[in-house]
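Below is one structure, written out as structure tokens; the observations come after it.
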Amino acid sequence: MELPFAPGDPFPDLELPDHNGNPRRLVALAAEDPTVLQFFRGWWCPKEQRFFRRMVALQDEAEVGYARFVSVSVDPPAVSAAFRAGLGARWTFLCDADHRAVDDLGLRETTDTLNDPFVPAVFVLAPGLRVHSAYNGYWFWGRPTAAELVADLRAVTRAIRPDWDAPTPPA
Amino acid sequence: MNERCWIAPVDDVPARATAAASLTDSDGAPAGWLAAWMQRAKPVRQALRADPRIVDPAGPAAWISLVLAPPGFALPFDDLAVQQARRDVLARRPARAVSTLLRDSSHFEGAITAADEPVGDDPFARLFPARSLRAGPGLIATATPPVGPTIERYGSANPWPWDRFGPT
């Protein structure tokens, strides 16, 4: 399948419970920062477990780089909270346990009729939920490397921070 | 934003505070008041800046863990212990509200963590002494949980978890 959102597209706002059951909106989670929005199948998928280790390794840089991560699955909050804690992730997980968003977004993985999960996909969003880059992770190698995510976050940050070129004293 | 949010424990009912709540200790004994002010100038000597989202004059009673540096002590916000405490806050089930407390632009001087039950394990309590107190209604908000993984402060003068750049 081709992802329904491409670079330059607006990404729809989502309102879903987080891993603690609190209602959260994507636009509030992303706010005015570059955001990595990840859709994943579920805790049980070994490819997701491997990819999450990449994300967890990157969070130490994101925590000082003004970038945000949001992960979304069809797992219910209790499962997401346990998975998140086991990973050591410190960002917000959203839970589409009633499978509403997965269809609204057109991101259902139709080849898994047992779990009806999201197709693995990663979007790097600029402020305003504008898609900067999109990665289809149905095949593992379609997912972004850490270097690609860093490059995307650098590009978005450079575009939105007027002081990217460090201010210097006037000559 | 020209106004700042100031928080301070005070002995008596504050006269011109934006919000205030009576305090009792874990045994139920009176422990003064917790007051908040929204203004540019520092209202009382012991006041510390906080994330304004922690204050709600209509907020219900709460248990708070109030961590304050002893007089003359402070830790840089970039100290690894302060960084790790913030990581732990993000990793755990979110409190009803949380804010670090600071006086200048670079030093951690305390934190306030609010919950509906006594706060059992406050990561900030590893840094400085903590008091478990019951705050009456009228001050403590129910704030949106902070968004991770960012622990860097947005503008060095802003108390974490404030999560927007803006005037300080």
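If you read the sequences in order, they're chains C and H. Going by the numbering used here, the first residue of the first sequence is number 1, and it counts up by one from there. Going by the numbering used here, the first residue of the second sequence is number 1001, and it counts up by one from there. Note that beta-carbon positions come from the ideal geometry of N, C-alpha and C, so glycine has one too.
Against chain H, with Cβ distances strictly below 8 Å, would Trp91(C) count as a contact? yes
Closest by C-alpha distance to Ala62(C), when choosing among Asp96(C), Ala89(C) and Gly42(C): Ala89(C)
Report all residues from its chain with a CB closer than 8 Å to the CB of Ile160(C); omit the five preceding and five following residues, and keep chain order. Glu32, Pro34, Ala126 and Pro127
Does the distance from the CB of Pro1094(H) to the CB of Pro1145(H) come in under 8 Å? yes
Chain C within 8 Å of Ala1091(H), Cβ atoms only: yes
Tell me which residues share the same chain as Gly1137(H) and place their Cβ nearer than 6 Å to its Cβ, disregarding the 5 neighbours each side in the sequence. It should be pointed out that residue 1137(H) corresponds to Pro in this sequence rather than to Gly. Only Pro1060 and Ala1061 meet the Cβ criterion.
Hey, does Thr1150(H) have any beta-carbon neighbour from chain C nearer than 8 Å? Judged by the 8 Å Cβ criterion, Thr1150(H) is in contact with chain C.
Identify the residues that DSSP records as bridge partners of Asp18(C): which are they? Per DSSP, Leu94(C).
If you draw a straight line from the alpha carbon of Asp116(C) to that of Gly42(C), how long is it in whole angstroms? Asp116(C) and Gly42(C) have their C-alpha atoms roughly 10 Å apart.
Quick check on Arg1164(H) - is its C-beta less than 8 Å from some C-beta in chain C? yes
Ala1130(H) versus Asp1025(H), Gly1148(H) and Leu1139(H), residue with shortest Cα-Cα distance: Closest by C-alpha distance to Ala1130(H), out of Asp1025(H), Gly1148(H) and Leu1139(H), is Asp1025(H).
Any beta-carbon of chain H closer than 8 Å to the one on Phe51(C)? no
Quick check: the Cα distance between Gln1039(H) and Ala1008(H), rounded to an integer number of angstroms? Note on geometry: alpha-carbon atoms of Gln1039(H) and Ala1008(H) lie some 13 Å from one another.
From which residue to which residue does the beta strand (DSSP E) around Val119(C) run? Val119(C) -> no beta strand (DSSP E), and no H or E assigned at all.
Taking Cβ-Cβ distances below 9 Å as the criterion, which residues of the segment 64-77 of chain C are in contact with chain H? Val64, Gly65, Tyr66, Ala67, Arg68, Phe69 and Val70
Cβ-based burial, Val1044(H) [other Cβ within 10 Å; buried from 16]: exposed
Any residues in the segment 20-34 of chain C with a beta carbon nearer than 9 Å to a beta carbon of chain H? Which ones, in chain order? Asn20, Asn22, Arg24, Ala28, Leu29, Ala30, Ala31, Glu32 and Asp33
Buried or exposed: Arg68(C), going by 16 or more other Cβ atoms within 10 Å of its Cβ? buried
Determine the DSSP secondary structure at Gly1110(H), reduced to helix, strand or coil. strand
Check whether the Cβ atoms of Phe118(C) and Leu107(C) lie closer than 8 Å to each other. yes
Apply the 10 Å Cβ neighbour rule to Arg1049(H) and answer buried if 16 or more other Cβ atoms are within range, or exposed otherwise. buried
What residue does the alpha helix (DSSP H) around Val1089(H) start on, and which one ends it? Leu1080 to Ala1091
Let me make sure I understand the geometry here. Which of Phe1108(H), Phe1073(H) and Arg1096(H) has the alpha-carbon closest to that of Ala1085(H)? Phe1108(H)
Rounded to the nearest angstrom, what separates Pro46(C) and Val102(C) at their Cα positions? 21 Å
When the Cα atoms are used, what is the spatial distance from Thr111(C) to Asn136(C)? Here the alpha carbon of Thr111(C) sits roughly 15 Å from the alpha carbon of Asn136(C).
How would you label Leu3(C), buried or exposed, when you count the other beta carbons within 10 angstroms and need 16 or more for buried? buried
When you check each C-beta in the segment 1123-1155 of chain H against every C-beta of chain C, which residues fall closer than 8 Å? Listed by position, the residues of the segment 1123-1155 of chain H near chain C (Cβ gap below 8 Å) are Thr1144, Pro1145, Val1147, Gly1148, Pro1149, Thr1150, Ile1151, Glu1152 and Tyr1154.
Are any of the Cβ atoms in chain H nearer than 8 Å to that of Ala62(C)? yes
Listed in chain order, which residues of the segment 1092-1112 of chain H have Cβ atoms closer than 9 Å to some Cβ of chain C? Arg1092, Arg1093 and Pro1094
Round the Cβ separation of Leu14(C) and Leu87(C) to the nearest angstrom and send it over; I've been treating them as touching at under 8 Å. With a Cβ gap of about 21 Å, Leu14(C) and Leu87(C) do not count as contacting.
What does DSSP give as the partner residues of Thr35(C) in its beta bridges? Arg68(C) and Leu125(C)
Would you check if the segment 1028-1035 of chain H and the segment 1073-1093 of chain H touch, i.e. whether three or more CB-CB distances between them fall below 8 Å? no
Of the residues that make up the segment 1034-1061 of chain H, which ones have a beta carbon closer than 9 Å to any beta carbon in chain C? none
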